[in-house]
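Undergrad: Let me give you the structure first, and then I'll get to my questions.
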Amino acid sequence: MLLLLLLLLMLMLLPLLLLLLLLLLLLLLLLLLLLLLLMLMLMLMLMLMLMLLLLLLLLMMLVQGPLHVKSFRRAAGSGRRKPASPP
């Protein structure tokens, strides 16, 4: 009798246990998805930061480039003017 009652209780509780397991699995899947989304967001943020840094570097190069060219032209011009002596 006791064994039959225990079997009946087990059969009654089995679907509940299965439902609890399914809920736990769903929660784990949701947590994994959230972690993946956070990782993707971090990767996108890092990519945007790198792009901004590259753009800043390019702007610095563009700003500094003509100045360097001008300084080189000045040096070349001063070098050309000096040897101009009357024969």
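Following UniProt numbering, the residues of the sequence shown are numbered contiguously, the last one being 87.
Just so you know, even glycine gets a beta-carbon here, dropped at the ideal spot from N, CA and C.
How long is the line joining the alpha carbons of Leu8 and Leu19, rounded to whole angstroms?
TA: Here residue 8 corresponds to residue number 8 of the sequence shown, with the count starting at 1. Here residue 19 corresponds to residue number 19 of the sequence shown, with the count starting at 1. Roughly 18 Å separates the two Cα atoms.
Undergrad: Three-state secondary structure (DSSP) at Met51?
TA: In the sequence shown, counting from the first residue as 1, residue 51 sits at position 51. Met51 falls in the helix class under three-state DSSP.
Undergrad: Could you give the distance in angstroms between the alpha-carbon of Leu33 and the alpha-carbon of Leu59?
TA: As a position in the sequence shown, residue 33 is number 33, starting the count at 1. As a position in the sequence shown, residue 59 is number 59, starting the count at 1. C-alpha separation (whole angstroms): 39 Å.
Undergrad: Report the three-state DSSP secondary structure of Met1 (helix, strand or coil).
TA: Residue 1 sits at position 1 when you count from the first residue of the sequence shown. Correct three-state label for Met1: coil.
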